[in-house]
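Asker: Here numbering that gives the first Met the number 0 is used: the first residue of the sequence shown is 0, the next is one more, and so on.
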Amino acid sequence: MLALFCVIPLAGCGIGTGATVAANVVTLTTIHRTVPDAVVSLISGRNCSMVRLDEQKSYCVPKYVPPPPPPYCTQTLGDPECWADPEKLPDHAPQIAEGPYKLTTPAQIASAEGRWP
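(1) Taking 8 Å as the limit between beta carbons, can you name the residues of its chain near leucine 88, skipping five residues before and five after?
(2) Look up glutamate 54 in the DSSP assignment and give the residues it is bridged to.
(3) Determine the closest residue to alanine 111 out of Asp90, Val60, His91 and Thr26, with distance taken between C-alpha atoms.
(4) How about leucine 27 and threonine 33: are their beta carbons less than 9 Å apart?
(5) Looking at arginine 114 and arginine 51, is the spacing between their C-beta atoms short of 9 Å?
(6) Return the residue from the list Gln94, Tyr63, His31 and Pro65 that minimises the CA-CA distance to aspartate 53.
(7) To the nearest angstrom, how far is the alpha carbon of alanine 37 from that of serine 48?
(8) Give the single residue among Ile95, Pro85, Val64 and Ala109 whose Cα lies nearest to the Cα of threonine 75.
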């Protein structure tokens, strides 16, 4: 009840109507962005949110940049040994984990580079 009496005098100060505040609270708890953030996200096709700014990140998620290749790790008698440049290996031993290090299928590329949502 006390909170209601504190908010009523501020109704004409540009804070917004109760419906606007309620809509922003609902969207923040469900999709983690305010109503204006959702509009900017839909227009730009990127995931934009004030919550990201609060986490010391950029307003919008940056475009997909492929990660750098992982280090080349080989098995030794003890722990695995990783090399940044596999060309410097003396005998070019086989790698521990082998697999694709980039997006290979059109579906993966479309998912990474696609528009939000």
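Glycine is no exception: its CB is placed at the ideal position from the N, C-alpha and C atoms.
Bear in mind that the values here come from a model prediction, so they are computed numbers and not experimental data.
Answerer: According to the structure data:
(1) The beta carbon of leucine 88 is closer than 8 Å to those of Tyr71, Thr73 and Trp82 in its chain, skipping five residues each way along the sequence.
(2) Looking at the DSSP output, glutamate 54 shares a beta bridge with no other residue.
(3) Closest option to alanine 111, judged by alpha-carbon separation, among Asp90, Val60, His91 and Thr26: Val60.
(4) Their beta carbons are under 9 Å apart, which means leucine 27 touches threonine 33 by this criterion.
(5) Against a cut-off of 9 Å, the Cβ pair of arginine 114 and arginine 51 comes out as no contact.
(6) Considering only Gln94, Tyr63, His31 and Pro65, the residue with the shortest C-alpha distance to aspartate 53 is His31.
(7) Inter-residue distance for alanine 37 and serine 48 is about 8 Å (C-alpha atoms, whole angstroms).
(8) Considering only alpha carbons, the answer is Ile95.
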